[in-house]
Amino acid sequence: MTSTVNPVDERAARAPEFPMARAAGCPFDPPPGLRGMQQEGPLAKVRLWDGSTPWLVTGYADQRTLLGDPRVSADINRPGYPRQAPMPPGGTGVSFILKDDPEHARLRRMVTAPFAIKRVEAMRPGVQKIVDDLIDELLAGPNPVDLVEAFALPVPSLVICQLLGVPYADHDFFQENSKVIINRNVTPEQRSAAHGNLIGYLDDLMGEKIAHPVDDLLSGLAGRVTAGELARDEAAQMGVLLLIAGHETTANMIALGTLALFEHPDQLALLRETDDPKLISSAVEELLRYLHITHSGRRRVAVADIEIGGEVIRAGEGLILANDIANRDPDVFAEPDRLDLRRDARRHVAFGFGVHQCLGQPLARMELQVVYNTLYRRIPTLRPATELERIPFKHDGSVYGVYELPVTW
Amino acid sequence: MKVTVDQDKCVASGQCVVAAMEVFDQRDEDGIVVLLTPEPPAEQAEDVRHAAAVCPALAIEIQD
Chain A
1 MTSTVNPVDE RAARAPEFPM ARAAGCPFDP PPGLRGMQQE GPLAKVRLWD
51 GSTPWLVTGY ADQRTLLGDP RVSADINRPG YPRQAPMPPG GTGVSFILKD
101 DPEHARLRRM VTAPFAIKRV EAMRPGVQKI VDDLIDELLA GPNPVDLVEA
151 FALPVPSLVI CQLLGVPYAD HDFFQENSKV IINRNVTPEQ RSAAHGNLIG
201 YLDDLMGEKI AHPVDDLLSG LAGRVTAGEL ARDEAAQMGV LLLIAGHETT
251 ANMIALGTLA LFEHPDQLAL LRETDDPKLI SSAVEELLRY LHITHSGRRR
301 VAVADIEIGG EVIRAGEGLI LANDIANRDP DVFAEPDRLD LRRDARRHVA
351 FGFGVHQCLG QPLARMELQV VYNTLYRRIP TLRPATELER IPFKHDGSVY
401 GVYELPVTW
Chain B
1 MKVTVDQDKC VASGQCVVAA MEVFDQRDED GIVVLLTPEP PAEQAEDVRH
51 AAAVCPALAI EIQD
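Heads up: the protein sequence lines correspond to chains A and B, in order.
Quick note, the first sequence lines up with residues 1 to 409 if you use the UniProt record's numbering.
Quick note, the second sequence lines up with residues 1 to 64 if you use the UniProt record's numbering.
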């Protein structure tokens, strides 16, 4: 008796493991396996840690289409959602980035005002001062030094603490816990405990803001709790999300971006020698495109059948939209593997696309513009204090970067 | 060129403001898009097209 093998099942059976490894010696390029998939067609199957085989979407245009499609859900609690890691015992609570509209929009709109362009621009002089003060300290301190510890992490941490109203004195505590949360290799129990620590911390802080509101983002949320528009646990959840997202991503962009520039001295020279805001802005967009530090893909699940490129994604099937390889799509970016600070890279999907696109992107851009325009000009001899092969990369996290970057000048 | 925006769709990314500041603004209370110039002059057309292309919520429509 012969049986017909469903081609989709057959493909699932030989689906490669995801996430994939990068090539040795190419710390800035996406895994070669992803490139192969992009050349083969719009949809591929990959195998996750739990044996599930969601679709992997590699093309830039397809990703933008799907991320804007209401038949695609970001709800992590739907069956078929491709999770990055096992669910911790008892769950962790879910913030708005893992919910769909209208609930997502209701919560997101409560925290959008501080990230409006004019509000972010008003913060620029304060961010410049933070950056200048840290460079003063760097120059007065030991040489060589770890740039991550001395500069890349403090800049965005100080900024997000100021914006939220979180005491920076507590930074060791929240940085340690957020490191655990974004590490893929910790146990569900460890992740749950770290998340619990941060929730407890933010809940205490929320209590203080409810009693004594001041002019900061958490006090704004506290006001909504008092008005009955927001549950206190939802407010704490949002605080944790903004605190983690506000420092981990930008810190990695600063350190990894600096390392990438060390490896491309002609491009570093461009930034060192310019004060043209247009070139600085285009440099930031290009580094965001080229480095794509969020390298686990946007995770979604189909809620209806969706046809794409002659294939059908069935309702209930998971989707991973790999933004790292989309940012290297040769149909959109000429010579995509070349770092070219002068190109127009503004269409990149480093911040995602669709209604879930990164809320903090105006702040992230402004911080990176200030940093890239200041650091190399103020320390023109800044250079790595070790070989590329000795630098530890974050292959195991949901945010890519370096654990350490020893520098000298 | 005629521009329309859908404030219900808007997710306040602010990218339209960065692309074309004379045409788009944001509401103070929640960053939602405000259309300043529904019929922008030809010299702003390219910036407005870029604003529509980068809007993550597809909230900007253009009619030529």
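From the three backbone atoms N, C-alpha and C, an ideal C-beta is built for every residue, glycine too.
Under 8 Å by beta carbon: chain A residues contacting residue i
i, result
"residue 29 of chain B", "113"
"residue 26 of chain B", "116, 117 and 118"
Chain B contact residues for residue i, given Cβ-Cβ distances below 7 Å
i, result
"residue 306 of chain A", "Here the premise fails: no neighbours, minimum Cβ distance about 17 Å."
Straight-line gap, residue i to residue j (C-alpha atoms, nearest Å)
i, j, result
"residue 147 of chain A", "residue 223 of chain A", "38 Å"
"residue 15 of chain A", "residue 98 of chain A", "26 Å"
"residue 57 of chain B", "residue 350 of chain A", "16 Å"
"residue 337 of chain A", "residue 243 of chain A", "32 Å"
"residue 13 of chain B", "residue 120 of chain A", "12 Å"
"residue 63 of chain A", "residue 42 of chain B", "31 Å"
"residue 49 of chain A", "residue 19 of chain A", "9 Å"
"residue 52 of chain A", "residue 79 of chain A", "11 Å"
"residue 416 of chain A", "residue 377 of chain A", "No information on residue 416 of chain A is available, as it lies outside the stretch 1 to 409 that chain A covers here."
"residue 35 of chain A", "residue 260 of chain A", "20 Å"
"residue 162 of chain A", "residue 310 of chain A", "50 Å"
"residue 341 of chain A", "residue 372 of chain A", "12 Å"
"residue 1 of chain B", "residue 38 of chain B", "8 Å"
"residue 46 of chain B", "residue 404 of chain A", "42 Å"
"residue 142 of chain A", "residue 85 of chain A", "39 Å"
"residue 187 of chain A", "residue 296 of chain A", "18 Å"
"residue 20 of chain B", "residue 51 of chain B", "7 Å"
"residue 270 of chain A", "residue 264 of chain A", "10 Å"
"residue 298 of chain A", "residue 30 of chain A", "15 Å"
CB contact below 8 Å: residue i versus chain A
i, result
"residue 23 of chain B", "no"
"residue 11 of chain B", "yes"
"residue 14 of chain B", "yes"
Proximity test, Cβ basis, 8 Å: residue i and chain B
i, result
"residue 63 of chain A", "no"
"residue 289 of chain A", "no"
"residue 109 of chain A", "yes"
"residue 300 of chain A", "no"
"residue 347 of chain A", "yes"
Listed by chain order, chain A residues near residue i by CB distance under 7 Å
i, result
"residue 17 of chain B", "117"
Check: residue i C-beta below 7 Å from any heavy atom of the ligand ADP
i, result
"residue 133 of chain A", "In terms of ligand content, the structure shown is empty, and the ligand ADP therefore cannot be addressed."
Residues in the region 32-56 of chain B having any Cβ partner in chain A nearer than 9 Å: Of all residues in the region 32-56 of chain B, those with a C-beta nearer than 9 Å to a C-beta of chain A are 32, 50, 53, 54 and 56, reading in chain order.
Using Cβ-Cβ distances below 9 Å, what residues of the region 350-383 of chain A are close to chain B? Answer in chain order: 351, 352, 353, 354, 355, 356, 357, 358, 359, 361, 362 and 365.
Can you find at least 3 beta carbon pairs, one from the region 21-31 of chain B and one from the region 157-173 of chain A, that sit closer than 8 Å? The region 21-31 of chain B, when compared against the region 157-173 of chain A, does not touch it at the 8 Å Cβ threshold.
Just by C-beta distance, which residues in the region 190-217 of chain A are closer than 7 Å to chain B? For the region 190-217 of chain A, the beta-carbon criterion of a distance under 7 Å to any beta-carbon of chain B is satisfied by none of its residues.
Listed from N- to C-terminal order along the chain, which residues in the region 59-89 of chain A have their beta-carbon within a distance smaller than 7 Å of any beta-carbon of chain B? In summary, the residues of the region 59-89 of chain A whose CB is separated from some CB of chain B by less than 7 Å are 68, in the order they occur in the chain.
Is there contact between the region 238-253 of chain A and the region 391-402 of chain A, where contact requires at least three CB pairs shorter than 8 Å? Three or more beta-carbon pairs drawn from the region 238-253 of chain A and the region 391-402 of chain A are found closer than 8 Å, and the two stretches are therefore classed as touching.
Check whether the region 233-243 of chain A and the region 96-114 of chain A touch, using three or more Cβ-Cβ pairs below 8 Å as the test. Contact between the region 233-243 of chain A and the region 96-114 of chain A is present, because at least three Cβ pairs lie under 8 Å.
Within 8 Å, do at least three Cβ pairs link the region 344-363 of chain A to the region 317-330 of chain A? Yes, the region 317-330 of chain A touches the region 344-363 of chain A.
Would you check if the region 387-394 of chain A and the region 1-13 of chain B touch, i.e. whether three or more CB-CB distances between them fall below 8 Å? Judged by pairs of C-beta atoms under 8 Å, the region 1-13 of chain B does not touch the region 387-394 of chain A, as fewer than three such pairs exist.
Please determine if the region 202-217 of chain A and the region 272-290 of chain A are in contact, where contact requires at least 3 C-beta pairs separated by less than 8 Å. Judged by Cβ distances under 8 Å, the region 202-217 of chain A makes no contact with the region 272-290 of chain A, as fewer than three pairs qualify.
If we count Cβ pairs, one from each stretch, closer than 8 Å, do we get three or more for the region 122-131 of chain A versus the region 174-187 of chain A? Between the region 122-131 of chain A and the region 174-187 of chain A, the count of Cβ pairs shorter than 8 Å is below three; the stretches do not touch.
At least three beta-carbon pairs within less than 8 Å, the region 53-62 of chain A to the region 305-319 of chain A: With the rule of 3 Cβ pairs closer than 8 Å, the region 53-62 of chain A counts as touching the region 305-319 of chain A.
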